[in-house]
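Following: one structure in structure tokens, then a few remarks.
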Ligand SMILES: [Zn+2]
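Residue numbers (this note's numbering): 115 to 332.
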């Protein structure tokens, strides 16, 4: 597993056992060529020695094509718009939204990775606030496409930084990758943790440590 590029970012492994909530369906399927996807699935079934005309597989290509359209429905969307509505409140201390569940798809194996995201930001005197549920929408938007966890983490942090202009942003994502649990090293339960720090959380290690303590203190 590759390390994230930025100095404040890190990856380590830990064990955890957590149930992920089901996410709402996203109907945006317009970018997928269904017929072509169906043909590709049929082709794949034949390539692995299966008979796509046998009873149990007759509807599989169509089902799999619809599944990919749903799972990757964020491919051509820009989730940053979820943060476009901001407001001022009398508060200049940290806001932390913890344990946002998500499902994404690893672009190296096209297998799912599931986990939780934690987003902290420090608005400061000039910073803007966003609705708490918008942070979950942001994570979902960037999850519904072929991804790597490191990039997902950075994209969420960069969106927060550019849309809200806070003093600092820290995003921590913990996920279990199917490509590590069902194939390859086959280590179920292994979690990959990535962080992306911006602003004060990148430059001030004690500020960062304080937020990490909140995220990990459960
Ligand atoms: Zn993978």
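Glycine residues also receive a C-beta, built at the ideal position from the N, C-alpha and C atoms.
Closer than 7 angstroms: residue 225 CB and nearest ligand 1 heavy atom: True, at least one ligand heavy atom lies under 7 angstroms from that Cβ.
Beta strand (DSSP E) runs contained entirely in the segment 286–314, provided each spans 3 or more residues: Within the segment 286–314, the complete beta strand (DSSP E) runs of at least 3 residues are 304–313.
Residue 291 CB to nearest heavy atom of ligand 1 below 7 angstroms: Indeed, a heavy atom of ligand 1 lies less than 7 angstroms from the Cβ.
Of the listed residues 210, 224 and 245, nearest to residue 342 (C-alpha basis): Summary: the structure shown does not reach residue 342, with the chain confined to residues 115 through 332, and so no result is reported for it.
Nearest-angstrom beta carbon gap, residue 208 and residue 325 [assumed within contact, 8 angstroms]: Contact holds; Cβ gap of about 6 angstroms.
Local conformation of residue 236 per DSSP, three classes: Here residue 236 sits in strand by DSSP.
Contact set for residue 251: own chain, Cβ-Cβ below 6 angstroms, skip 5 residues either direction: These residues qualify, in order along the chain: 196.
Contact set for residue 198: own chain, Cβ-Cβ below 6 angstroms, skip 5 residues either direction: Contacts found: none.
Integer-rounded CB distance, given that residue 146 should sit under 8 angstroms from residue 183: With a Cβ gap of about 4 angstroms, residue 183 and residue 146 count as contacting.
Residue(s) in a DSSP beta bridge with residue 260: DSSP lists 219 as partners of residue 260.
Pairwise C-alpha distance: residue 261 and residue 289: So the two alpha carbons sit approximately 12 angstroms from each other.
Beta-carbon contacts of residue 128 that lie in its chain and below 6 angstroms, excluding the five residues immediately before and after: Low per-residue confidence applies at residue 128: pLDDT is 34, beneath 50, and the placement is therefore not dependable enough to give any value.
For residue 149, three-class secondary structure by DSSP: Residue 149 falls in the helix class under three-state DSSP.
Spatial neighbours of residue 185 in its chain, beta-carbon cut-off 7 angstroms, leaving aside the 5 residues before and after: Once the five neighbours on either side are set aside, the close Cβ partners of residue 185 are 219 and 258.
Residues near residue 275 in its chain [Cβ-Cβ closer than 8 angstroms; skip 5 each side]: The residues are 283, 312 and 313.
Near ligand 1: residue 59 beta-carbon under 7 angstroms from a heavy atom: Because the chain in this structure spans residues 115 to 332, residue 59 falls outside the shown range and cannot be described.
CB-CB length for residue 237 against residue 194, believed under 8 angstroms: Not really, about 17 angstroms apart at Cβ, beyond 8 angstroms.
Inter-residue spacing [alpha-carbon to alpha-carbon] between residue 152 and residue 319: If you draw a straight line from the Cα of residue 152 to the Cα of residue 319, it is about 50 angstroms long.
Option in 243, 265, 179 and 173 with minimal Cα separation from residue 150: Out of 243, 265, 179 and 173, 179 has the C-alpha closest to the C-alpha of residue 150.
DSSP three-state assignment for residue 166, whether helix, strand or coil: Looking at residue 166 - three-state DSSP - the assignment turns out to be coil, as it is neither helix nor strand.
Residue 255 - DSSP class collapsed to helix/strand/coil: The answer is helix: DSSP assigns residue 255 an H, G or I state.
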